[in-house]
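Residue numbers (the numbering used here), protein chains in the order written: chain A, 2 to 470; chain B, 2 to 470. First up is the structure itself, then whatever we jot down about it.
Number of protein chains: 2
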Amino acid sequence: MTRRRLHLNAFLMNTGHHEASWRLPESDPYAHVELGHYVRLARIAERGTFDSLFLADGPQLWSNFAQRPAGALEPLTLLTALATATEHIGLIATASTSYNSPYNLARKFASLDIISGGRAGWNIVTTAGAEAARNFGLDAEPAHAERYARAAEFLDVALKLWDSWEDDAIVADKAAGVWGDDTKIHPPRHRGKYFGVEGALNVPRSPQGYPLLVQAGSSKDGKAFAARYAEAVFTAQQTLKDAQDFYADLKSLTAAAGRNPDHIKVLPGIVPVIGSTQAEARANEQVLEDHIVYTHGVARLESLLQLPAGTLELDGLLPADLPPESSIEGARSRYTLVVELARRERLTVRQLIGRLGGGRGHLTFTGTPEQVADAIEEWFTLGAADGFNIMPAVLPSGLDAFVDHVVPILRTRGLLRTAYDGTGSEGTELEGAGGTGRPRQTLRERYGLPRPANQYVTPAPGSPALARV
Amino acid sequence: MTRRRLHLNAFLMNTGHHEASWRLPESDPYAHVELGHYVRLARIAERGTFDSLFLADGPQLWSNFAQRPAGALEPLTLLTALATATEHIGLIATASTSYNSPYNLARKFASLDIISGGRAGWNIVTTAGAEAARNFGLDAEPAHAERYARAAEFLDVALKLWDSWEDDAIVADKAAGVWGDDTKIHPPRHRGKYFGVEGALNVPRSPQGYPLLVQAGSSKDGKAFAARYAEAVFTAQQTLKDAQDFYADLKSLTAAAGRNPDHIKVLPGIVPVIGSTQAEARANEQVLEDHIVYTHGVARLESLLQLPAGTLELDGLLPADLPPESSIEGARSRYTLVVELARRERLTVRQLIGRLGGGRGHLTFTGTPEQVADAIEEWFTLGAADGFNIMPAVLPSGLDAFVDHVVPILRTRGLLRTAYDGTGSEGTELEGAGGTGRPRQTLRERYGLPRPANQYVTPAPGSPALARV
């Protein structure tokens, strides 16, 4: 068996994950709509042999327009442009199951997977918040459980669509005038509670079969959904213990759902703030905190905690009588994380905003490259992570620093690949693709996952069992 | 005033517009899902200084899967990839107003417009056919008039979304910590019959303000829609007289709708089949006709004419008692064109299929490069066209032949540009963009159209009147 390797995803967000990053002299406040900025970031990540890069998304303009970069290039569009500017790195786009139709979205991901040579991934979100709902004809967001029920049906339909062409449905017999084999086309004929989708997709089955399925909700509904569908999970965890518990829980839920727990990769988010000494790293962090506008932070925190404006005092603690998670219809797991962080460390509102300003609840590792690598190795080897979602506080400099200084240490320790592999190097046999001459690994191969079997095809007797991811 | 120039659009469709093109020895039957094929086509069109290229679309798998290439890369995705492989050419994607939501689609077009540096166009379709409807939870297609009513509301909302950021909404004052100016954001707050869209777009206003608006329906509803919204119109016309009538009618409807009739460009589709002699051109055409499978053609014609299977005889004429156009819920103007073509020229079903096999109702010009250029010049100078939608029967060879042999003649005659211009060369003042240093023309500038004013901004007193396109 090949040695277990760390998986790294670069979470790209305009000038960086720290809310004040755009105010630094080095930052371009228009970066969020500049293709060149993202091409540069993608190439840095590829230099660091990251598995993938990732774009978050919500179909609404955030209300803090005045305070920080708002708006963005639509993720699937931007990642398609990045596909042509990169060679190896996986391309994970966020898209909502609440505000898309399965036929349209399945087509777009299949198209990106073909164009990128098998590098597409889908971060499946249900999209919390009334602002998004009101852009799609609704008065309020659908209830949490309702969103997840729709997401599950969405996935079932999308999987049928992606399987609606068998891999060898194209015959291309010019002499006979026969282009395709009708018997290898499988219309979903789906009629469910949320969707009716009769016909087959109008895109052939893509190199990966379908995009890598990624998920990031850590609520009870979110974990159940991940256990059933997800192949990679982004999560916000503040302590090693919490991360270990989450990791063990998710692997066990996945096994209970009848899937191989190795086929779900857990990637906690970390915000690395690096300096050549610990003092320098801390000074870098202080520069960012000095640029936070705290009045804005208070307003956002009140909104997250669903408190009336003016409730929180900057140098006080959170109120003791906050509502329970179950009463929250928005981003549940984020709510709980923030409340628990504040209580565990007895943070004032000001301190809490400083902590959240960097990673919005994700763990900030501040230190030397060795210290950051140590923390990564500890989490990776102690059952807390299969890899990490790297969220630089400032972009591009923070990603450059990670690739220049932390990646070499991880490679020296044998934790991270030193170059991208050609095909199927991580013990994964690429079903049906031997001999197609595809020169590079797909995203799913890079994560050590099998190419999914087609649900409409019965494996030939004697062929290896094909795991349904 | 600058000399009036011809506008050329390249309509790209896998191995070509002739239904039998995929069977030729030169053709790649997998071309429809190969990015390299489309990159090659786009670069040929750019060598020919075409204004734009265009991809048709329908959200369903065509039923003649066995007979000819089916499925395709989703147009917005493919054009985004082509944006990075080209420098000048416009990128026009078809997208449906019946099966998209305005917020999602407006974002994607704004993103493509930004990524391409102002080269995006939208071919607005209402999508005929029950097959598409059944992929989106409906049992049958919405009625023709209903589809157009939804399209009009869709456009109104999309225009509000594209105008929801003023061009200078981003302040980027790092010292003050102020990124955006809230007063320059204009949420649509739209509540209509078909859509509710409350909030502003989450993409800034793009280089062109919004994509070039293109339309291709030539029914009564289609022309009324075009007169109100379209800046370019694709149309199928079989005779000079019909094309002149359509041209005059559309310009007059546009003026009656309160718009400048120069701000709608009429582009009939033509299928050029070229040979160095007329006999060679005709022989090239014959090769294609020899590859048609006529039994398939009969079935498709019966479907278009809404006749029971087995009604048509290959060597007979069309029945005399076909239903009137007004009873057709599908592609109305195509229906009438086909019936009139067959009757005018007394074509047998076999002959009609041969004619439709090339351009599906668009005019085929078969001849030498001089003859093709003569026909183009005649239509252009006699009030039948502002340019042409070039639909090569075979791709890439037919596009190569047009660019190598017809384009030089058009240039010698002063009808076509010899190179792409930098900025604003065709008498168009680019509103508000002087001094931004944008090096290339936008698609709208290339078509000689003004950048649209923002509906939420009152022009300053004394500034030139800003035409609402």
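By construction, the Cβ of each residue, glycine as well, lies at the ideal position given by its N, Cα and C atoms.
- [ ] Could you give the DSSP three-state label for L431(A): helix, strand or coil?
- [x] By 1-based counting over the first sequence, the position of residue 431(A) is 430. Note on L431(A): pLDDT 35, under 50, position unreliable in the model; the coordinate value appears next. If DSSP states are grouped into helix, strand and coil, L431(A) belongs with coil.
Open item on the list: Below 7 Å on C-beta distance, what does V294(A) contact in chain B?
Closed with: Counted from its first residue, the first sequence places residue 294(A) at position 293. Near V294(A) (Cβ distances below 7 Å), the residues of chain B are G178.
Open item on the list: Can you confirm whether the stretch 58-70 of chain B touches the stretch 49-68 of chain A when touching is taken to mean that 3 or more C-beta pairs between the two stretches lie within less than 8 Å?
Closed with: no
Task: 3 or more residues per run - each beta strand (DSSP E) lying fully within the stretch 39-96 of chain B - done: 53-56
Open item on the list: Using a 10 Å radius around the Cβ and a threshold of 16 neighbouring Cβ atoms, would you call Q279(A) buried or exposed?
Closed with: Stepping through the first sequence from its first residue, residue 279(A) is reached at position 278. Classification of Q279(A): exposed, given that the 10 Å Cβ count is below 16.
- [ ] Provide the residue(s) that pair with I115(B) in DSSP beta bridges, ordered along the chain.
- [x] Locating residue 115(B) in the second sequence gives position 114, counting from the first residue. Its beta-bridge partners do not exist; DSSP assigns none.
TODO: Quick one: using the 10 Å Cβ neighbour count with 16 as the cut-off for buried, is T429(B) buried or exposed?
DONE: In the second sequence, the residue the question calls residue 429(B) occupies position 428. Low confidence applies here, because T429(B) scores a pLDDT of 36, under 50, leaving its location unreliable; read the following figure in that light. When all chains shown are included, T429(B) counts as buried.
Task: 8 Å Cβ cutoff, E132(B) in contact with chain A - done: Sequence index remark: in the second sequence, residue 132(B) carries index 131 (1-based). Yes, because at least one Cβ of chain A sits closer than 8 Å to the Cβ of E132(B).
TODO: Note down, in chain order, every chain B residue with its Cβ under 9 Å from the Cβ of N101(A).
DONE: Working through the first sequence from its first residue, we reach residue 101(A) at position 100. S102 and N105, listed in chain order.
Open item on the list: Which residue wins for smallest C-alpha separation from I186(A), given the options V299(A), A176(A) and A170(A)?
Closed with: Numbered from 1 along the first sequence, position 185 holds the residue referred to as residue 186(A). With distances taken between Cα atoms, I186(A) lies closest to A170(A).
Open item on the list: Using 8 Å for Cβ pairs, my map puts S207(B) next to D114(B). What's the rounded Cβ distance?
Closed with: Locating residue 207(B) in the second sequence gives position 206, where the first residue counts as 1. Locating residue 114(B) in the second sequence gives position 113, where the first residue counts as 1. At roughly 4 Å, the Cβ-Cβ gap stays under 8 Å, so S207(B) and D114(B) are in contact.
- [ ] Please list, in chain order, all residues of the same chain as G435(A) whose beta carbon is under 7 Å from its beta carbon, the five residues on each side excluded.
- [x] Residue mapping note: residue 435(A) aligns to position 434 of the first sequence, counting from 1. Residue placement at G435(A) cannot be trusted, given a pLDDT of 37 that sits under 50; what the coordinates show is reported in the next sentence. There are no such residues.
Task: Presumed contact (8 Å Cβ cut-off) between N203(A) and G72(B), rounded CB distance - done: If you number the first sequence from 1, residue 203(A) lands on position 202. If you number the second sequence from 1, residue 72(B) lands on position 71. About 5 Å; that satisfies the 8 Å criterion.
Open item on the list: Do F155(A) and F196(A) have their beta-carbon atoms positioned less than 8 Å apart in this structure?
Closed with: Position 195 of the first sequence, counted from the first residue, corresponds to residue 196(A). Position 154 of the first sequence, counted from the first residue, corresponds to residue 155(A). The answer is yes: Cβ separation under 8 Å.
- [ ] For K175(B), go through chain A and note every residue whose CB falls closer than 9 Å to its CB, in chain order.
- [x] The residue given as residue 175(B) occupies position 174 in the second sequence. In chain order: W23, R24, L25, P26, S28, P30 and H292.
Open item on the list: Threshold first: 4 residues or longer. Then list the alpha helix (DSSP H) segments lying entirely within the stretch 357-425 of chain A, N to C.
Closed with: 370-382, 398-402 and 408-413
Open item on the list: Between the alpha carbons of G122(B) and L77(B), how many angstroms are there, rounded?
Closed with: On the second sequence, residue 122(B) is found 121 positions in, with the first residue counted as 1. On the second sequence, residue 77(B) is found 76 positions in, with the first residue counted as 1. Distance between the alpha carbons of G122(B) and L77(B) is about 10 Å.
Task: Simplified DSSP state of F196(B), which is helix, strand or coil - done: Sequence index remark: in the second sequence, residue 196(B) carries index 195 (1-based). Of the three classes helix, strand and coil, the one that applies to F196(B) here is coil, per DSSP.
TODO: Alpha carbon to alpha carbon, how far is A86(B) from E119(B)? Give it in angstroms, no decimals.
DONE: By one-based count along the second sequence, residue 119(B) stands at place 118. By one-based count along the second sequence, residue 86(B) stands at place 85. It should be noted that the sequence gives Gly, not Glu, for residue 119(B). Approximately 15 Å, taken between the alpha carbons.
Task: Test item: CB-CB of P30(B) and W180(A) under 8 Å - done: Counting from 1 along the second sequence, the entry for residue 30(B) is found at position 29. Counting from 1 along the first sequence, the entry for residue 180(A) is found at position 179. Yes.
TODO: Identify each residue in the stretch 58-86 of chain B for which the Cβ-Cβ distance to at least one residue of chain A is less than 8 Å, and report them in chain order.
DONE: G59, P60, Q61, L62, W63, F66, A67, Q68, R69, P70, A71, G72, A73, L74, E75, L77, T78, L79, T81, A82, A84, T85 and A86
Task: Length of the line joining the Cα atoms of A82(A) and L268(A) - done: Counted from its first residue, the first sequence places residue 82(A) at position 81. Counted from its first residue, the first sequence places residue 268(A) at position 267. Near 25 Å, if we compare the C-alpha coordinates of L268(A) and A82(A).
Open item on the list: Please return the same chain residues whose Cβ sits closer than 8 Å to the Cβ of Y295(B), not counting the five positions on each side in sequence.
Closed with: For the purposes of this step, residue 295(B) is identified with residue 294 of the second sequence, where counting begins at 1. For Y295(B), where only same-chain residues beyond five positions count, the Cβ hits under 8 Å are L315, R351 and I354.
Task: F1(B) versus I275(A): straight-line alpha-carbon distance, rounded - done: Residue 1(B) lies beyond the residue range present for chain B, which begins at 2 and ends at 470; the question has no answer from this structure.
Task: Contact residues within the stretch 184-213 of chain A, judged by C-beta distance below 7 Å to chain B - done: I186, F196, G197, V198, E199, G200, A201, L202, N203, V204 and P205
Open item on the list: How far does the alpha helix (DSSP H) with L213(A) in it extend, from its first residue to its last?
Closed with: Here the question's residue 213(A) lines up with position 212 in the first sequence. First-last for L213(A): L213 to Q216, but that is the beta strand (DSSP E), not the alpha helix (DSSP H).
Open item on the list: Tell me whether the stretch 216-227 of chain B and the stretch 334-343 of chain B touch, counting them as touching only if at least three CB pairs, one residue from each stretch, are closer than 8 Å.
Closed with: yes
Open item on the list: Rounding to the nearest angstrom, what Cα-Cα distance links V395(B) and A133(B) in this structure?
Closed with: Stepping through the second sequence from its first residue, residue 395(B) is reached at position 394. Stepping through the second sequence from its first residue, residue 133(B) is reached at position 132. The alpha-carbon atoms of V395(B) and A133(B) are separated by roughly 27 Å.
Task: Nearest residue (CA-CA) to F389(A), options S398(A), G399(A), I377(A) and T382(A) - done: Within the first sequence, residue 389(A) is the residue found at index 388, counting from 1. Among S398(A), G399(A), I377(A) and T382(A), the Cα nearest to that of F389(A) is on I377(A).
TODO: Can you grab the Cα-Cα spacing for the pair L9(B) / A141(A), in whole Å?
DONE: On the second sequence, residue 9(B) is found 8 positions in, with the first residue counted as 1. On the first sequence, residue 141(A) is found 140 positions in, with the first residue counted as 1. Distance between the alpha carbons of L9(B) and A141(A): 47 Å.
Open item on the list: Starting from V158(B), trace the alpha helix (DSSP H) in both directions and tell me its first and last residue.
Closed with: For the purposes of this step, residue 158(B) is taken as residue 157 along the second sequence, with counting starting at 1. Taken as a continuous stretch (DSSP letters only), the alpha helix (DSSP H) holding V158(B) covers H145 to W163.
Open item on the list: Would A386(A) and V407(A) qualify as a contact pair, given that the criterion is a beta-carbon distance under 8 Å?
Closed with: Translated into the one-based positions of the first sequence, residue 386(A) becomes position 385. Translated into the one-based positions of the first sequence, residue 407(A) becomes position 406. Taking 8 Å as the Cβ cut-off, A386(A) and V407(A) do not qualify as a contacting pair.
- [ ] State the start and end residues of the unbroken beta strand (DSSP E) segment that holds L1(A).
- [x] Beyond the ends of chain A as shown, which are 2 and 470, falls residue 1(A); an answer cannot be given.
Open item on the list: Looking only at its chain, what residues have a beta carbon closer than 6 Å to the beta carbon of T443(A), apart from the 5 residues adjacent to it on each side?
Closed with: On the first sequence, position 442 is the one that residue 443(A) refers to. Result list for T443(A): G119, P208 and Q209, in chain order.
TODO: Report the residue from Y211(A), T349(A), L305(A) and E326(A) whose alpha carbon sits nearest the alpha carbon of D168(A).
DONE: As a position in the first sequence, residue 168(A) is number 167, starting the count at 1. Closest option to D168(A), Cα to Cα, is Y211(A).
TODO: Quick one: grab the DSSP three-state call for S334(B).
DONE: In the second sequence, residue 334(B) corresponds to position 333, counting from 1. Helix, per DSSP.
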